[in-house]
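*Asks:* Quick note on numbering: the sequence shown equals residues 53 to 324 in the numbering used here. Have a look at this one before I ask anything.
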Amino acid sequence: MLGAPAIRARKRRHGAAPLVMVTAYDEPGARYVAAAGVDLILVGDSLANVVLGHENTLHVTIDDMCHHVRAVAAARCDVHVVADMPWLSYHLSIDESVRNAAALIRSGAHSVKLEGGQARRDVVRALFAAEIPVMGHLGLTPQSVMKFGGFKVQARTHEAAKLLLEDAAVLQDEGAFAIVIEGVPSVVGQHVTDVIDIPTIGIGAGPDTDGQVLVFHDLLGLTDRTPAKFVRQYADLGAQITEAVGHFATDVRSGDFPSRDEAYASPDGLFD
Ligand code: KIV
53 MLGAPAIRAR
63 KRRHGAAPLV
73 MVTAYDEPGA
83 RYVAAAGVDL
93 ILVGDSLANV
103 VLGHENTLHV
113 TIDDMCHHVR
123 AVAAARCDVH
133 VVADMPWLSY
143 HLSIDESVRN
153 AAALIRSGAH
163 SVKLEGGQAR
173 RDVVRALFAA
183 EIPVMGHLGL
193 TPQSVMKFGG
203 FKVQARTHEA
213 AKLLLEDAAV
223 LQDEGAFAIV
233 IEGVPSVVGQ
243 HVTDVIDIPT
253 IGIGAGPDTD
263 GQVLVFHDLL
273 GLTDRTPAKF
283 VRQYADLGAQ
293 ITEAVGHFAT
303 DVRSGDFPSR
313 DEAYASPDGL
323 FD
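Shown next as structure tokens:
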């Protein structure tokens with residue numbers, strides 16, 4: 053398993069292979085993703101959208117996240133597990149932020165991820181001081197959807213791109229071991245990656261970041277949402293599930309399921 057220091061060292065400009073991160077929310081998901089050889093599993097607060105059916109990520113709590121981190125950890129799959137700190141779990145006080153991050157670690161995560169840069173400086177510092185590895189998340193940070201007025205590409209002006217760079221530098225200075233960069237022009241993803249010394253993991257941030265992350269359900273075709281421009285769908289499992297369950301229903305209704313071979317034999321003389 054890659055620990056935070058090993059991940060921190062994974063800069064492509066030093067010859068490292070790109071980091072691969074995929075989300076998972078339960079034991080089977082973690083097992084399948086780990087078997088594919090990913091570097092990191094993210095128990096994302098996208099849990100809210102893709103598993104629990106909410107409009108945005110503001111609807112999951114620290115208890116929800118811990119519940120799903122425990123399910124992922126139950127896969128015991130020797131892959132670094134990052135857990136998202138949900139909205140309001142690190143906004144109210146430093147003490148509460150550390151306690152919430154610790155709850156995620158005790159549920160089985162190896163590090164936590166939180167959104168924001170300079171505004172989170174004190175929290176990142178306190179988590180680092182409490183020995184909890186922190187991954188940052190900048191750009192189109194989904195917990196800011198209401199402030200942004202929707203899911204909109206960020207850092208599209210010189211000033212905004214400069215602020216994002218400053219945020220990345222703060223996260224690095226306070227001890228973050230990597231940063232997710234989401235929903236920004238490719239040139240911004242490239243520039244942040246060039247300027248900072250910890251790895252960037254992109255999602256809709258172009259091809260030049262130090263790694264890439266996708267959401268399990270997007271990658272596998274398990275969602276009915278219109279995919280974002282940056283999603284590449286590698287399978288259509290949703291359609292396969294519907295087809296398979298449809299076959300089951302047909303077989304039950306026609307009497308074809310179960311067959312004798314799929315039933316337990318009757319002991320001799322049971323109803324004599
Ligand atoms: O919650 C999530 O899935 C994420 C990824 C989009 C990076 O934060």
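C-beta atoms are modelled at their ideal positions from N, C-alpha and C, and glycine is treated no differently.
Check each candidate in Ala155, Thr275, Ile253 and name the one with the smallest Cα separation from Val103.
*Replies:* Along the sequence shown, read from residue 1 onward, the residue named residue 103 stands at position 51. Taking only the C-alpha atoms, the option nearest Val103 is Thr275.
*Asks:* With H, G and I counted as helix, E and B as strand and the rest as coil, what does DSSP make of His189?
*Replies:* Translated into the one-based positions of the sequence shown, residue 189 becomes position 137. Strand.
*Asks:* Assign Arg62 to buried or exposed, taking buried as 16 or more other Cβ atoms, counted over all protein chains shown, within 10 Å of its Cβ.
*Replies:* Stepping through the sequence shown from its first residue, residue 62 is reached at position 10. Its Cβ being crowded by 16 or more others within 10 Å, Arg62 is buried.
*Asks:* Which residue or residues does DSSP assign as beta-bridge partners of Val164?
*Replies:* Here residue 164 refers to the residue found at position 112 of the sequence shown. Looking at the DSSP assignment, Val164 forms a beta bridge with Ala135, Val186.
*Asks:* Return the CA-CA distance between Arg122 and Gly160, expressed in angstroms with no decimal places.
*Replies:* The residue you call residue 122 lines up with position 70 of the sequence shown. The residue you call residue 160 lines up with position 108 of the sequence shown. Each residue's alpha carbon lies about 6 Å from the other.
*Asks:* Between which two residues does the alpha helix (DSSP H) holding Gln242 run?
*Replies:* Within the sequence shown, residue 242 is the residue found at index 190, counting from 1. Counting along the chain, the alpha helix (DSSP H) containing Gln242 begins and ends at 238-247.
*Asks:* Please state whether DSSP places Ala68 in a helix, a strand or coil.
*Replies:* Locating residue 68 in the sequence shown gives position 16, counting from the first residue. Assignment of Ala68 by DSSP, reduced to helix, strand and coil, places it in the coil class.
*Asks:* Using the beta-carbon count (16 or more within 10 Å), is Arg172 buried or exposed?
*Replies:* Here residue 172 refers to the residue found at position 120 of the sequence shown. With 16 or more other Cβ atoms within 10 Å, it is buried.
*Asks:* Using a threshold of 7 Å, is the CB atom of Leu166 nearer than that to any non-hydrogen atom of ligand 1?
*Replies:* Here residue 166 is taken as the residue at index 114 of the sequence shown, counted from 1. Result no, Cβ not under 7 Å from ligand 1.
*Asks:* Under 8 Å Cβ to Cβ from Asp130, same chain only, skipping five residues before and after it: list those, please.
*Replies:* Stepping through the sequence shown from its first residue, residue 130 is reached at position 78. Excluding positions up to five away in sequence, the list reads Met53, Ala86.
*Asks:* Does the region 97-117 come into contact with the region 280-290, if we say contact requires no fewer than three beta-carbon pairs (one atom in each stretch) closer than 8 Å?
*Replies:* Between the region 97-117 and the region 280-290 there are fewer than three C-beta pairs closer than 8 Å, too few to call the two in contact.
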